[in-house]
Amino acid sequence: MRRAFVILVVVLFGLVFTSLVIAHNERHSLRPLAESYVKLIPQELGAPNVITGILLTYRAFDTLGEVAVLFMVAAGVGLVLGASNKRRKSSPRKVVETARLSSEIVQSGAQILAPLIAIFAAYIIMNGHRSAGGGFQGGAVIASGVLLLVLASTRYRVDLEFLSMTESAAGVLFVLTGIAGLIFAGGFLDNRMLPLGQFGAFFSAGAIPILSVLLGVKVGCELSVIIDRFRA
Amino acid sequence: MAELIGSILVLLGAIFHFSAGLGMLRMPDAYTRMQAGTKASTLGNTLILLGLGFYHPEWSLKLLIIICFVLMTNPVSSHALARAAHMIRIPMTRRTTVDALRATRQRRRSGK
Numbered sequence: 018m019r020r021a022f023v024i025l026v027v028v029l030f031g032l033v034f035t036s037l038v039i040a041h042n043e044r045h046s047l048r049p050l051a052e053s054y055v056k057l058i059p060q061e062l063g064a065p066n067v068i069t070g071i072l073l074t075y076r077a078f079d080t081l082g083e084v085a086v087l088f089m090v091a092a093g094v095g096l097v098l099g100a101s102n103k104r105r106k107s108s109p110r111k112v113v114e115t116a117r118l119s120s121e122i123v124q125s126g127a128q129i130l131a132p133l134i135a136i137f138a139a140y141i142i143m144n145g146h147r148s149a150g151g152g153f154q155g156g157a158v159i160a161s162g163v164l165l166l167v168l169a170s171t172r173y174r175v176d177l178e179f180l181s182m183t184e185s186a187a188g189v190l191f192v193l194t195g196i197a198g199l200i201f202a203g204g205f206l207d208n209r210m211l212p213l214g215q216f217g218a219f220f221s222a223g224a225i226p227i228l229s230v231l232l233g234v235k236v237g238c239e240l241s242v243i244i245d246r247f248r249a
Numbered sequence: 495m496a497e498l499i500g501s502i503l504v505l506l507g508a509i510f511h512f513s514a515g516l517g518m519l520r521m522p523d524a525y526t527r528m529q530a531g532t533k534a535s536t537l538g539n540t541l542i543l544l545g546l547g548f549y550h551p552e553w554s555l556k557l558l559i560i561i562c563f564v565l566m567t568n569p570v571s572s573h574a575l576a577r578a579a580h581m582i583r584i585p586m587t588r589r590t591t592v593d594a595l596r597a598t599r600q601r602r603r604s605g606k
């Protein structure tokens with residue numbers, strides 16, 4: 018009975034997906050909206066990566082909102098898991114002793130990998146305006162490095178105070194950059210307050226790299242705080 | 495010619511990935527599944543990236559870095575997972591006869 022039901026579900030899913038595949042015909046031209054973005058962004062903003070161009074200028078206000086949502090998540094996790102953290106603070110040594118030590122392979126692996134992950138995160142953040150990447154992705158990579166360090170060493174403590182200070186500073190600077198755009202260029206978070214520079218160069222696309230770095234720092238801090246909260 | 499070699503490497507990699515998936519389904523317990531997934535997918539990734547390197551020689555430095563990264567991370571992560579599974583006593587299949595990790599731990603405990 019159960020088996021027949023499973024087979025029925027699989028067949029139904031198969032039908033749905035085959036109809037999707039059959040109905041799919043590849044568009045050979047862009048939609049009008051996409052085409053105007055693709056033309057406009059390299060011209061107007063000087064960013065080869067159209068997606069980052071959209072996310073950090075036209076839709077930068079949305080991005081700010083997304084970061085705020087992430088901040089709310091971090092705050093919520095802190096609220097829910099904060100009680101167990103208090104217990105941890107009262108007897109930190111005991112926890113260290115009872116926590117299982119990670120193996121030698123993980124420890125030495127973390128020593129080699131953590132710097133590499135940090136470099137990779139910086140690369141992703143700094144090249145957001147030129148190729149695939151950007152602040153959010155790079156911030157997630159930073160947090161994965163922090164997770165590796167937390168796993169590798171029970172003595173490694175995430176400095177929550179430093180992280181929250183850095184995160185707030187990055188957020189304030191992000192908003193200030195937006196206001197600078199309002200004053201020196203066309204509107205809130207307009208990237209043309211700085212010279213656009215040579216198309217595709219490392220320092221180009223106006224304020225997009227700056228916004229990307231601030232975003233990366235902020236997201237990395239927030240996700241690191243969340244990871245640390247989940248530590249028993 | 496280069497494209498042919500690249501295609502063959504990518505196909506070989508796909509075969510290894512397929513065997514990894516098959517191992518996930520067919521292996522009897524968590525540890526053997528993990529080793530099937532890790533070993534086969536590490537080699538499969540390496541082969542596919544090498545094949546891509548034949549297609550696009552200008553990418554080869556980046557691909558090489560990715561291969562090194564996968565070779566370093568994949569074994570470490572699956573080792574950590576397997577060790578954690580052993581710590582919380584996830585059962586092994588009955589056919590397993592040697593458990594070196596448990597033996598070492600018991601020896602160490604009795605030594606104390």
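In the order they appear, the protein sequences are chains A and B.
Residue numbering for the first sequence follows the working numbering, beginning at 18 and increasing consecutively.
Residue numbering for the second sequence follows the working numbering, beginning at 495 and increasing consecutively.
Quick reminder that beta carbons are idealized off the backbone N, C-alpha and C, glycines included.
Original post:
Within the 7 Å Cβ cut-off, does I122 of chain A reach chain B?
Top reply: yes
Original post:
So G7 of chain A packs on I159 of chain A, CB below 8 Å; how close in whole Å?
Top reply: The structure shown has nothing for residue 7 of chain A, since chain A only spans 18 to 249.
Original post:
Going straight from the alpha carbon of R527 of chain B to that of F153 of chain A, what length do you get?
Top reply: 33 Å
**OP:** Could you spell out where the alpha helix (DSSP H) holding P226 of chain A opens and where it closes?
**Re:** 225-246
**OP:** Report the rounded CA-to-CA distance for A64 of chain A versus L595 of chain B, giving the unit in angstroms.
**Re:** 54 Å
**OP:** Name, going along the chain, the residues of the region 153-184 of chain A whose beta-carbon falls closer than 8 Å to a beta-carbon of chain B.
**Re:** L168
Original post:
If we cut at 7 Å on Cβ distances, does G126 of chain A have a partner in chain B?
Top reply: yes
Original post:
Helix, strand or coil: how does DSSP classify M495 of chain B here?
Top reply: coil
Original post:
If we call anything under 7 Å between Cβ atoms a contact, is G198 of chain A one with L206 of chain A?
Top reply: yes
Original post:
What are the boundary residues of the alpha helix (DSSP H) that includes T567 of chain B?
Top reply: 554-581
Original post:
Looking only at its own chain, which residues have a Cβ that is under 6 Å from the Cβ of D593 of chain B, when we skip the five neighbours before and after it?
Top reply: none
Original post:
In whole angstroms, what is the alpha-carbon distance linking L232 of chain A and L98 of chain A?
Top reply: 25 Å
Original post:
Where do the N-terminal and C-terminal ends of the alpha helix (DSSP H) with G195 of chain A fall, by residue?
Top reply: 177-201
Original post:
In whole angstroms, what is the alpha-carbon distance linking F510 of chain B and H41 of chain A?
Top reply: 30 Å
**OP:** Sort B:M581, B:T536, B:L546 by Cα distance to F512 of chain B and report the nearest one.
**Re:** B:T536
**OP:** Closer than 9 Å by beta-carbon distance: list the chain A residues that pair up with M566 of chain B, in chain order.
**Re:** G126, I129, L130, L133
Original post:
When burial is assigned at 16 or more other CB atoms within 10 Å of the CB, is H146 of chain A buried or exposed?
Top reply: buried
Subject >> Buried/exposed call for F216 of chain A, threshold 16 Cβ in 10 Å >> reply: exposed
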